[in-house]
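Before any comments, here is the structure.
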Amino acid sequence: MGRPFSCRLGWHKWVGRSTSDGGRFKQCSRCDKVDDRSKLPPGAAGF
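Heads up: the sequence shown begins at 1 in the UniProt record's numbering, then just goes up one per residue.
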């Protein structure tokens, strides 16, 4: 199965995630694409 149609249009559903060493990043909850353009600051919403 391919990526959801909304993700193919660039309409991702970004959620905050964290790595085991404490790093933070955004990832689409539908297609798992990682948004490496933005780093979430410490204490950002969702953590």
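Virtual Cβ for every residue (Gly too), placed ideally from N, Cα, C.
key: Three-state class that DSSP yields for Ser18 in the structure shown   = Walking along the sequence shown from the start, residue 18 turns up at place 18. If DSSP states are grouped into helix, strand and coil, Ser18 belongs with the strands.
message = What residue range does the beta strand (DSSP E) around Cys28 cover?
response = Counting from one through the sequence shown, the residue named residue 28 turns up at place 28. First-last of the beta strand (DSSP E) with Cys28: Arg24 to Cys28.
message = Give me the DSSP bridge partner(s) of residue 78.
response = There is no way to answer for residue 78, as the model of the chain reaches only from 1 to 47.
inquiry  = Could you check whether the Cβ of Arg8 sits closer than 9 Å to any Cβ belonging to chain B?
reply    = The structure shown contains no chain B; it holds only a single protein chain.
key: Enclosing alpha helix (DSSP H) for Arg8 [first to last residue]   = As a first step, residue 8 is located in the sequence shown; it is residue number 8 there, counting from the start. Looking at the DSSP string, the run of the alpha helix (DSSP H) that includes Arg8 is Phe5 to Arg8.
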